[in-house]
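Step one of this worksheet: look at the structure below.
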Amino acid sequence: MMKKTISFEKRIKKIIVKIVMFVLGKAIQSASRWDSIVRHEVARWPDNLTFALDVLPWGPRMAMKKQKGRLKYLGDGPKEVDLLISFKNIECAFLVFAGLMGTEQGAAERRTIVKGNLAVALSLIRIMNLMVVYLYPKFWSQRLVKRVPRLSLKQHALRVYIILIGIPTGI
Amino acid sequence: MIPSYYEFINPVKIVSGTNAVDNIPHELDQLGAKRPMVITDQGVVMAGLLKYVEDAIEDSIATIGAVYDKTPPDSSLEVVREIAALYRSRNCDSFIAIGGGSAMDTAKGVNIIITENSDDLMQFIGADRLKNRLQPLIAIPTTAGTGSEVTLVAVVSDTANNVKMPFTSSHLLPNVAIIDPRMTLTLPPRLTAATAMDAMTHAIESYYGTQKNPMSDAYAFAAIKILRENIVNAVKNGKDAGTRLAVANAATMAGIAFSNSMVGLVHSLGHATGGICHVPHGVAMSIFLPFGMEYNLEKAGDHIGELLLPLGGSELYAATPKAGRAESAIKIIRKLQTDLYHLCELPMTLKDAGVPRNKLEQIAQATMDDGALTYNPEVVTQADALRILKLAYE
Chain P
37 MMKKTISFEK RIKKIIVKIV MFVLGKAIQS ASRWDSIVRH EVARWPDNLT FALDVLPWGP
97 RMAMKKQKGR LKYLGDGPKE VDLLISFKNI ECAFLVFAGL MGTEQGAAER RTIVKGNLAV
157 ALSLIRIMNL MVVYLYPKFW SQRLVKRVPR LSLKQHALRV YIILIGIPTG I
Chain H
492 MIPSYYEFIN PVKIVSGTNA VDNIPHELDQ LGAKRPMVIT DQGVVMAGLL KYVEDAIEDS
552 IATIGAVYDK TPPDSSLEVV REIAALYRSR NCDSFIAIGG GSAMDTAKGV NIIITENSDD
612 LMQFIGADRL KNRLQPLIAI PTTAGTGSEV TLVAVVSDTA NNVKMPFTSS HLLPNVAIID
672 PRMTLTLPPR LTAATAMDAM THAIESYYGT QKNPMSDAYA FAAIKILREN IVNAVKNGKD
732 AGTRLAVANA ATMAGIAFSN SMVGLVHSLG HATGGICHVP HGVAMSIFLP FGMEYNLEKA
792 GDHIGELLLP LGGSELYAAT PKAGRAESAI KIIRKLQTDL YHLCELPMTL KDAGVPRNKL
852 EQIAQATMDD GALTYNPEVV TQADALRILK LAYE
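So the sequence lines, in the order shown, correspond to chains P and H.
Residues in the first sequence are numbered from 37 upward in steps of one, following our numbering.
Residues in the second sequence are numbered from 492 upward in steps of one, following our numbering.
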């Protein structure tokens, strides 16, 4: 099927969502190396599991894979993945990726479709919520997650590390 | 407050009342079905309920193509495959599910693999994965609790891994739900209490969950009122057809509510406890309900407080200051628990329900993997879940 011409506004939103996906992917990749909570979550996932977040019908999309106990950002990644969380349209995705709505609220409003292991999907949502806490200031993150956890000194340092080094390098 | 966005679906035709089962031939005709397969369990057969359906179909152009009457309490992938093979070999064209959640969910599971022409139900786990209209399904509840006759969910156990697998799709909604008081008259008192508390939990959790909406609220609110007025009498006077019909209607309404607004922590704890220790779902719901309400007081206290009206009546509601309504609503649920314990020994604690204390950690971990947590107003950590389990233990 030929792609239709889409409005300038939707194109901008797709670009923004793609950029945030990149930032989120790299942040999760870095956190899966250094953050004990993320490591604990990922440890229970099957080895070599792949997951993707995408926007119906034509993207954008981000994929990640569990490798040696950590998560690796794959860009668009393979078409077939073990867990796929799809946003029904770009407007839904924009709300979540632009930080206007929490991931769980998006799920509660049925703006997403999950294909695959639901336990891993829940674990991924918990990781994404932690990234929201790391990447946004508290006055904003408390609008997006049900409860903002009290961060330890180590977590504050890790937060700075992820923003300054983790996201640009993925390390 | 109206949510900024919500979805609601309920296309199920409800046929409710005295001898409603006798309308099955007409409903089959409307659905273009002539050779239904009946899926039920031994409890239904022993209670003589299957006979009502057979008698109704006897004098019609439809013929029962096959009867599967060995559905276990926790249906499994193997059972679904076995029934699908029978369905194909007998050239059936529709389903009549008679029973509790297991029989109805099994029928939904079989319907998936029949329609998709597959033998692997696991392919379809998750939400909105079905694209095709399923074979006609008429659901006849015999437990007045699960609400599966009007829900878009099917839960089938993965017995190898001790987990319950959810399938959700609007295609899973039955075409017709038949609520006939005869079908619940023989339900024993304790089972009556447990299944009714399951319905009560559906209604209450759907009323304060994050996906609540004006449509689901209306069904939940009305269901709670009917349940509160009839549960005790249904347990005391099981042969009272009017009371049975009321509870069955409330269970169906609660089913419509939670099918559209989902449930929360109480169900997550119950699914985990059921999966690991095989505690009956309704028993687990009854035990966890007040704890779940208490846990959500900070985030959903106003909504829980509103439930004092259907739970306690207008006079108590009016006499209670707004700040105390949620606690009063929880007190009424605890009082109901105590009443049911005295009437039929419905367990009030996990210990009474036979849960070994050394399983609590495992249950807490499994709770974290349950999808209903997403819709709970308050965030739940594994430590939170374990704390509630310890409180509910004895």
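From the three backbone atoms N, C-alpha and C, an ideal C-beta is built for every residue, glycine too.
Remember, predicted model here, so these are calculated numbers, not experimental data.
Taking Gly600(H) as the reference, give the member of Tyr884(H), Ala576(H), Thr554(H), Glu797(H) with the closest Cα. Ala576(H)
Along the chain, where does the alpha helix (DSSP H) that runs through Ala594(H) open and close? 592-606
Decide yes or no for the touch test of the region 832-848 of chain H against the region 670-678 of chain H: beta carbon pairs closer than 8 Å, at least 3 of them. Flag = no, the region 832-848 of chain H and the region 670-678 of chain H do not touch.
Cα-Cα separation, Asn84(P) to Lys102(P): 5 Å
List, in order along the chain, the chain P residues whose C-beta lies closer than 8 Å to that of Leu864(H)? For a Cβ distance threshold of 8 Å, residue set Leu158 of chain P lies close to Leu864(H), ordered along the chain.
Under 9 Å Cβ-Cβ, which residues of chain H neighbour Arg146(P)? Tyr496, Tyr497, Glu498, Ala618, Asp619, Gln702
Using a Cβ-Cβ cutoff of 9 Å, what residues of the region 753-771 of chain H are near chain P? List them in chain order. Cβ contacts with chain P: Met753.
Nearest to Leu534(H) by alpha carbon, out of Ala594(H), Val754(H), Ser567(H)? At residue 534(H) the sequence reads Gly, which differs from the Leu that was named. With distances taken between Cα atoms, Gly534(H) lies closest to Ala594(H).
What ranges does the alpha helix (DSSP H) occupy inside the region 794-849 of chain H, keeping only unbroken runs of at least 4 residues that lie completely in it? With a minimum length of 4 residues, the continuous alpha helix (DSSP H) runs that stay inside the region 794-849 of chain H are 799-803, 805-810, 813-835.
Does the CB of Val641(H) have a neighbour CB from chain P at under 8 Å? no
Which same chain residues, not among the five before or five after Thr148(P), have their C-beta less than 6 Å away from its C-beta? Cβ within range, chain order: Ile121, Phe123, Gly142.
What residue range is occupied by the uninterrupted beta strand (DSSP E) comprising Leu194(P)? Careful: Leu194(P) lies outside any beta strand (DSSP E), inside the alpha helix (DSSP H) at 189-197.
State the DSSP-derived secondary structure class of Thr148(P), mapped to helix, strand or coil. Note: Thr148(P) maps to strand in three-state DSSP.
To which residues of the same chain is Arg572(H) closer than 8 Å at the C-beta, ignoring the five residues directly before and after it? Ile604, Asp610, Leu612
In the DSSP assignment, what residue or residues form a beta bridge with Gly617(H)? In the DSSP output, where bridge partners are listed per residue, Gly617(H) has Lys151(P), Phe658(H).
Please decide whether Val644(H) counts as near chain P, where near means a Cβ-Cβ distance under 8 Å. no
Best match in Tyr578(H), Ala775(H), Ala876(H) for proximity to Gly845(H) [C-alpha to C-alpha]: Ala775(H)
Taking C-beta pairs closer than 7 Å, name the residues in chain H that Gln17(P) reaches, listed in chain order. Outside the displayed span of chain P (37 to 207) sits residue 17(P), for which this structure offers no information.
In whole angstroms, what is the alpha-carbon distance linking Glu116(P) and Leu519(H)? 40 Å
Whole angstroms are fine: how far does the CA of Tyr884(H) sit from the CA of Glu852(H)? Rounded to the nearest angstrom, the two C-alpha atoms are 12 Å apart.
Counting only the same chain and skipping the five closest in sequence on each side, list residues whose C-beta sits under 6 Å from that of Glu836(H). Beyond the five residues adjoining it in sequence on each side, Glu836(H) comes within less than 6 Å, by CB distance, of no other residue in the same chain.
Using 8 Å as the threshold, is the C-beta distance between Thr840(H) and Ile778(H) below it? yes
Starting from Gly152(P), find everything on chain H with Cβ-Cβ shorter than 7 Å and list it in chain order. Per Cβ cutoff of 7 Å: Gly617.
What's the C-alpha gap between Gln614(H) and Lys40(P)? 31 Å
Alpha carbon of Ile670(H) to alpha carbon of Pro627(H), nearest angstrom: C-alpha separation (whole angstroms): 17 Å.
Buried/exposed call for Val196(P), threshold 16 Cβ in 10 Å: exposed
Through-space distance from Asn165(P) to Arg106(P), alpha-carbon basis: 18 Å
Residues that Pro657(H) contacts on chain C, provided the C-beta gap is smaller than 8 Å: The chain labelled as chain C is not found among the protein chains of the depicted structure, namely P and H.
If contacts are defined as beta-carbon pairs under 8 Å, then Met137(P) and Pro96(P) qualify, I think. What distance do you get, rounded to the angstrom? In fact, because the Cβ distance is near 17 Å, the residues do not count as touching under 8 Å.
Limits of the beta strand (DSSP E) - the one that Arg106(P) falls within: 106-109
By the DSSP assignment, the alpha helix (DSSP H) with Gln178(P) in it spans what residues? Note, Gln178(P): premise wrong, no alpha helix (DSSP H); not H, not E.
Quick check: Ala763(H) and Asp861(H), are their CB atoms within less than 8 Å of each other? yes
What three-state label does DSSP hand Ala748(H) in the structure shown? Here Ala748(H) sits in helix by DSSP.
Does DSSP classify Leu628(H) as helix, strand or coil? strand
Cβ of Asp793(H) less than 8 Å from any chain P Cβ? Answer no: the Cβ-Cβ gap between Asp793(H) and chain P never drops below 8 Å.
Buried/exposed call for Ile695(H), threshold 16 Cβ in 10 Å: buried
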